[in-house]
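Worksheet: one structure, shown below.
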Amino acid sequence: MRLVAENLSRSFGRRAFGPVSFRVEAGRVLGVAGENGSGKTTLLKTLAGLIRPSGGNIKIFFEGEEASEGCEPRDSMSRIGWCAPDLSLYGELTAEENLVFFERVRGLVSHPDRARARLEGVGLPPESHSKKPLSSLSTGQRQRVKLAFATLHEPDLLFLDEPGANLDEAGRSIVQKVVAEQRLRGITVIASNDPRDLALADERVTLS
Amino acid sequence: MSAPRPAAGILPAAIAVFRRELLAEWRTRVAVNSLFLFAFAVLVLVAYAVGPTRLSPEDRPTVNAVLLWIVLFFSAMTGLSRTFVHEEDAGTAAALRLSAPPSGVLLGKLLANVALLGAVTVFIVPLFVVLMGFEIRDPPLFVLLLLLGTFGLASASTFTAALVSKASAKGALFAVLSIPLLLPPLIAAVSGTQVAAREADFAAGLDFVRVLVAYDGAVTTAAFLLFDAVWRE
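Chains as they are written, first to last, in this note's numbering: chain X, 159 to 366; chain A, 2 to 234.
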């Protein structure tokens, strides 16, 4: 499996990022560095198919399809996981209800035990996710729920934008665990300014 | 590496979205409160200002039909745009875009809006009939017009809400786009309701039923054809 970006760029009137080219193989972690406003978040949204690029292209070659022309992110959304500061889940639902809902809309067989296990995997005890609405959890706890959401469907490509934001040391070790698990499954791209997040990457692209 | 997965089905996704919309509405009651309170307030004002005794018998079918659909139309305008606008405002739209097939999202939200407007209709129409002394001579035609008209209002409002959800002036744009889109079914529904109030002749109102069926079919089909581009761009 491979993720290839060629001369990728995005503009909103003025240039947001790029052109940038890179190639990431399965099991590898790409770090995206750059100052505030350099377009890291926009690049990740473009890679995840949430924004169309203004120039260049992105191709994903899944396992067994390396000889094909590759897929665009928009055609592969069911295989993409995304976690970002501007991602929100439903505040009026509990964390567990959120995960069960996203299992259902993804066409996965929903199972409360799986959602619970996933939440416990990101360090959330049952009392924090089974009764309280998500909006009543702390920012750090909500970040953990977002990590559980991003990996719920065991994606081939995982995009993490500032994954360590608002997390304590225990939370940061959960990010390391998530990235280690993703190495066995596919590709990870991490955008961050934090050296601790970028230290998880094997290679790095710096946006200017 | 995981094996290729089939795309999520439209129906399971639609059912999940529908259930989530109702559960969220049950817990927050934002749309329910605005829809029901608006509809009830307008109904009480209309009943107080116009009432059954201030209308001549020959004017009653026309005036009552118009007033009833005005209440339902503005209720739809008040509460139904929230379904998509709230997703964008709360930042949950991206998670839904990544997770659910677009048609499943539209179908789930359409069903939720139909349920919501249907509940308002069930609440308001009996009150309106009693308070305004609105005599219906052809109840089956009246009920059919209510079903088709309510579905048309919900369908057009849901799609328009999706169109405006990313705009900056959502409220103004929703009204500007909705009013011309909703006028044809409103005219057919009002005209058909007058017929149902004047005479017990189902065939006399059939043309209006046909207009509503055609409108509902066309708007709903167009919504499903265009929604993918609207939702993802």
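Ideal Cβ positions, reconstructed from N, Cα and C, are used throughout, including at glycine.
Opposing strand residues paired with residue i [DSSP bridges]
i: Trp240 (chain X); result: X:Phe317
i: Asn215 (chain X); result: X:Glu164
i: Ser169 (chain X); result: X:Arg173
i: Ile348 (chain X); result: X:Gly189, X:Leu318
i: Glu361 (chain X); result: X:Leu188
i: Pro284 (chain X); result: According to DSSP, which records beta bridges pairwise, Pro284 (chain X) is partnered with nothing at all.
i: Pro376 (chain X); result: Chain X is shown only over 159 to 366; residue 376 (chain X) falls outside these bounds and no answer can be derived.
N-terminal and C-terminal residue of the beta strand (DSSP E) that residue i is part of
i: Phe175 (chain X); result: 172-183
i: Leu118 (chain A); result: Looking at the DSSP string, Leu118 (chain A) is not in any beta strand (DSSP E); the run it does join, the alpha helix (DSSP H), is 103-133.
Proximal residues to residue i (C-beta, below 6 Å), its chain only, five neighbours per side dropped
i: Arg83 (chain A); result: Ala32
i: Trp70 (chain A); result: Leu187, Ala190, Val191
i: Val196 (chain A); result: Ala205, Gly206
i: Ser3 (chain A); result: At Ser3 (chain A) the pLDDT is 44, less than 50, meaning the model places this residue with poor confidence and gives no usable figure here.
i: Leu318 (chain X); result: Cys241, Ile348
i: Gly207 (chain X); result: Pro231, Arg232, Met235
i: Leu81 (chain A); result: Asn114, Ser158
i: Leu142 (chain A); result: Ala197, Phe203, Gly206
i: Val162 (chain X); result: Arg181, Lys217
i: Glu221 (chain X); result: Met159
Other residues of its chain near residue i: CB distance less than 8 Å, five sequence neighbours each side excluded
i: Thr151 (chain A); result: Leu73, Val115, Leu118, Gly119, Thr122
i: Pro5 (chain A); result: Any reading at Pro5 (chain A) is ruled out, since the residue's pLDDT is 41, under 50, leaving its predicted position unreliable.
i: Thr297 (chain X); result: Asn324
i: Gly92 (chain A); result: none
i: Leu227 (chain A); result: Phe160
i: Arg274 (chain X); result: Glu254, Pro284, His287, Ser288
i: Lys171 (chain A); result: Ser82, Val86, Val165
Span of the alpha helix (DSSP H), counted from its first residue to its last, around residue i
i: Gly298 (chain X); result: 297-309
i: Gly218 (chain A); result: 207-233
i: Leu154 (chain A); result: 140-165
i: Met78 (chain A); result: 61-80
i: Pro270 (chain X); result: 270-279
i: Arg343 (chain X); result: 327-343
i: Ser100 (chain A); result: 94-100
i: Lys203 (chain X); result: 198-205
i: Val31 (chain A); result: 31-50
i: Leu56 (chain A); result: Looking at the DSSP string, Leu56 (chain A) is not in any alpha helix (DSSP H), and its letter there is neither H nor E.
i: Ser246 (chain X); result: Where Ser246 (chain X) is concerned, there is no enclosing alpha helix (DSSP H), given that its DSSP letter is neither H nor E.
i: Gly193 (chain A); result: 171-199
i: Leu405 (chain X); result: Missing from the structure shown is residue 405 (chain X); chain X here goes from 159 to 366 and no further.
i: Ala323 (chain X); result: Where Ala323 (chain X) is concerned, there is no enclosing alpha helix (DSSP H), given that its DSSP letter is neither H nor E.
i: Pro353 (chain X); result: 353-356
i: Asp233 (chain X); result: Counting along the chain, Asp233 (chain X) falls outside any alpha helix (DSSP H), and DSSP gives it neither H nor E.
i: Glu89 (chain A); result: 83-91
Neighbour-count burial assignment, residue i, 16 or more Cβ in a 10 Å radius
i: Asn65 (chain A); result: buried
i: Gly171 (chain X); result: exposed
i: Ile348 (chain X); result: buried
i: Arg28 (chain A); result: exposed
i: Glu234 (chain A); result: exposed
i: Val363 (chain X); result: buried
i: His269 (chain X); result: exposed
i: Ile125 (chain A); result: buried
i: Gly189 (chain X); result: buried
i: Gly195 (chain X); result: exposed
i: Glu26 (chain A); result: buried
i: Thr204 (chain X); result: buried
i: Glu59 (chain A); result: exposed
i: Asp360 (chain X); result: exposed
i: Ile332 (chain X); result: buried
i: Ile180 (chain A); result: exposed
i: Leu46 (chain A); result: exposed
i: Gly176 (chain X); result: buried
Chain D contact residues for residue i, given Cβ-Cβ distances below 7 Å
i: Ser100 (chain A); result: Among the chains of the structure shown, chain D does not appear; the protein chains present are X and A.
Other residues of its chain near residue i: CB distance less than 7 Å, five sequence neighbours each side excluded
i: Thr79 (chain A); result: Ser35, Leu36, Phe39
i: Arg354 (chain X); result: Gly322, Arg330
i: Glu164 (chain X); result: Ser179, Gly214, Asn215
i: Leu183 (chain A); result: Phe74, Leu154, Ala157
i: Ala174 (chain X); result: Arg168, Gly197, Thr200
i: Leu145 (chain A); result: Val210
i: Val231 (chain A); result: Ala163, Leu164
i: Arg199 (chain A); result: Pro62, Arg138
Discussion item. Below 8 Å, how does it come out for the segment 269-278 of chain X and the segment 225-242 of chain X: are there three or more Cβ pairs, yes or no?
Written reply: no
Worksheet item: Within the chosen definition, does the segment 291-309 of chain X reach the segment 249-267 of chain X through at least 3 CB pairs nearer than 8 Å?
Response: yes
Worksheet item: On the three-pair Cβ rule with 8 Å, is the segment 39-54 of chain A touching the segment 132-149 of chain A?
Response: yes
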